[in-house]
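Engineer: Here our numbering is used: the first residue of the sequence shown is 7, the next is one more, and so on. My questions will all concern the structure given below.
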Amino acid sequence: MQLNRLIALALLFVCFIAAALGIQRRQAQEAAIDLSALQNTNRDRLELLELEGQISGGSFGPNSALGIRDRALKLLDEERVKGVLLTVNSPGGTVAVSQELYHALLKLREKKPVVVSMLDTAASGGYYIASAANKIYANAGTLTGSIGVILSSYNVQELLNRVGVQPQTFKTGPYKDILSPNRSVSEAERTLLQNLLSDTYGQFVRDVAQARNLPEDKVRALADGRIYTGTQAKANGLVDEIGTLDDATEALRTLAKNKDLPLVKSRPGFQDLFGGLLSQSSSNLGLGPSKVLEQLFGLFLKGQGLVSQPELPLWQSNFPQPLLLPAPLSE
């Protein structure tokens, strides 16, 4: 029991060390941002929001998709905020969470200008979110596009047969274990999955076309999953301008009709800080935030001599989430 307590404490310590290292990497970027008005919320200003990493409902903190969604909705009623600059550095992620932030930004841009500045990557779900802005800036070397949906799994049936493992599955319907790694996908399942992806793909294309005011046929022609550099995206209409974060800030000031507005990053609350630390540490450790908490809590329970009951069947699918992610680049 004592050993489990020590392991839990050690893991927690490693989490926060990893988070601290991640925060240090961001100091150089934040140094270039005017934070002089951080304490003063009683003056007209522009607000900076930063989307980083994979888009997922399991991510926490002010830089997660849901954290930015919540902040964007609050900004609807903040009269002192005259515009919003959103930086995007994300390869994409799950469909529904991308849609949550996309629709929040559409609401926000009805009341005040929203400008996106793309950093290293704004691909797939990252581009989907960026398309909701009034104006999109990208660096020449930004990787963007990758408009499409991907869903993948593994089939380890042959491997299991070789080692003498015979999985036993009990289910209430023919599709309940769809994409199980223990067997091949049937033709009926293949058709079902492809229809699901086609429907999600259609949502992606229609939303981008609407937000960017582009013909749907043009977006569909660009949406074959390929990635584009910022320069290529400017040429095909997926972004508006090639420029830096400073260029995007000046464009936002122009849209807000006030060249003197400071760019401010709001002070996160304790819950946001903890969530941000947890997300950063879990990212550096290669674990999801919920998995880090699960590991810590499980070790704590064992250290207290508590044994959890076995899991029961739930109305819960083992079906993986379709992702708005680019395909991995070859080395």
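C-beta atoms are modelled at their ideal positions from N, C-alpha and C, and glycine is treated no differently. All figures in this text were calculated on a predicted structure; none of them were measured in a lab.
DSSP has V162 in a bridge; who is on the other side?
Structural biologist: Partner(s): none; V162 has no beta bridge.
Engineer: My assumption, with CB atoms under 8 Å, is that A71 sits in contact with L107. Please give the rounded CB distance.
Structural biologist: 5 Å
Engineer: Do three or more CB pairs link the stretch 151–161 to the stretch 248–257 at distances below 8 Å?
Structural biologist: When C-beta atoms of the stretch 151–161 are compared with those of the stretch 248–257, fewer than three pairs fall below 8 Å, so the two segments do not count as touching.
Engineer: Please go through the same chain and pick out, in chain order, the residues whose beta-carbon is closer than 8 Å to the beta-carbon of K113, but skip the five residues on each side of it.
Structural biologist: Answer for K113: A78, L79, L82, listed in chain order.
Engineer: In whole angstroms, give me the CA-to-CA distance for G243 and L165.
Structural biologist: 47 Å
Engineer: DSSP beta-bridge partners for S1?
Structural biologist: With the chain running from 7 to 337 in the structure shown, residue 1 is simply not present.
Engineer: Whether or not the stretch 142–149 and the stretch 223–237 are in contact is what I'm after, with contact meaning three or more pairs of Cβ atoms, one per stretch, closer than 8 Å; do they touch?
Structural biologist: A contact is defined here as three or more CB-CB pairs under 8 Å, and the stretch 223–237 meets this definition with respect to the stretch 142–149.
Engineer: When the Cα atoms are used, what is the spatial distance from E85 to D252?
Structural biologist: 24 Å
Engineer: Identify, in the order they occur along the chain, each residue of the same chain with its Cβ nearer than 6 Å to the Cβ of V338, setting aside the five sequence neighbours on each side.
Structural biologist: Outside the displayed span of the chain (7 to 337) sits residue 338, for which this structure offers no information.
Engineer: If you draw a straight line from the C-alpha of S104 to the C-alpha of K224, how long is it?
Structural biologist: 22 Å
Engineer: Restricting to Cα atoms, I'd like to know which of K141, K118, R115 is closest to M124.
Structural biologist: Cα-wise, what sits closest to M124 is K141.
Engineer: Return the chain-ordered list of same chain residues with a C-beta closer than 7 Å to the C-beta of T178, the five sequence neighbours on each side being excluded.
Structural biologist: none
Engineer: Which value, in whole angstroms, describes the spacing of the CA atoms of V245 and Y143?
Structural biologist: 6 Å
Engineer: Answer with buried or exposed for Y207, where buried requires no fewer than 16 other C-beta atoms within 10 angstroms of its C-beta.
Structural biologist: buried
Engineer: Evaluate S42 with the Cβ neighbour count: other Cβ atoms within 10 Å of its Cβ, from every protein chain shown; 16 or more gives buried, anything less gives exposed.
Structural biologist: Reliability fails at S42, whose pLDDT of 46 lies under 50, so the model's placement of it is uncertain and the value that follows must be treated cautiously. Answer is exposed; the Cβ neighbour count stays below 16.
Engineer: Going by DSSP, which residues form a beta bridge with L57?
Structural biologist: V94
Engineer: G131 by DSSP, collapsed to three states: which one?
Structural biologist: helix
Engineer: Spatial neighbours of A128 within its chain, please: C-beta separation below 6 Å, excluding the five flanking residues on both sides.
Structural biologist: Only V94, A136, T150 meet the Cβ criterion.
Engineer: With a 10 Å radius around its C-beta and 16 neighbouring C-beta atoms as the bar for buried, classify S96 as buried or exposed.
Structural biologist: buried
Engineer: What does a CB cutoff of less than 7 Å around K265 pick up in its chain, not counting 5 residues either side in sequence?
Structural biologist: Closer than 7 Å at the Cβ level, and outside the excluded window around K265, lie R259.
Engineer: Cutting at 7 Å between CB atoms, please list the residues of its own chain near R75, excluding the five before and the five after it.
Structural biologist: E106, L107, A110
Engineer: By the DSSP assignment, the beta strand (DSSP E) with D234 in it spans what residues?
Structural biologist: This sequence places Tyr at residue 234; Asp is not what is there. Note, Y234: beta strand (DSSP E), 233–235.
Engineer: Using the Cα positions of Q277 and F176, report the straight-line distance between them to the nearest angstrom.
Structural biologist: Bear in mind that a pLDDT of 49 at Q277, under 50, signals an unreliable position, so the number given afterwards is only what the model happens to contain. The straight-line gap from Cα to Cα measures roughly 41 Å.
Engineer: From this set, P68, D126, V171, which residue's C-alpha is nearest G249's C-alpha?
Structural biologist: D126
Engineer: Closest to L199 by C-alpha separation, out of G231, S159, A217, R218, would be which residue?
Structural biologist: Cα-wise, what sits closest to L199 is S159.
Engineer: For R218, which option in E53, K118, V122, K88 has the closest C-alpha, if you only look at C-alpha atoms?
Structural biologist: Comparing Cα positions, the closest option is V122.
Engineer: Please name the residue or residues paired with E256 in a DSSP beta bridge.
Structural biologist: None, per the DSSP bridge assignment.
Engineer: Return the Cβ separation of L52 and G89 in integer angstroms, given the expectation that the two are a contact with Cβ distance under 8 Å.
Structural biologist: 5 Å
Engineer: Look up L269 in the DSSP assignment and give the residues it is bridged to.
Structural biologist: L52
Engineer: Counting along the chain, where does the beta strand (DSSP E) carrying G151 start and finish?
Structural biologist: 149–151
Engineer: Which word fits D213, buried or exposed, when buried means at least 16 other C-beta atoms lie within 10 angstroms of its C-beta?
Structural biologist: The residue is buried, with at least 16 neighbouring Cβ atoms inside 10 Å.
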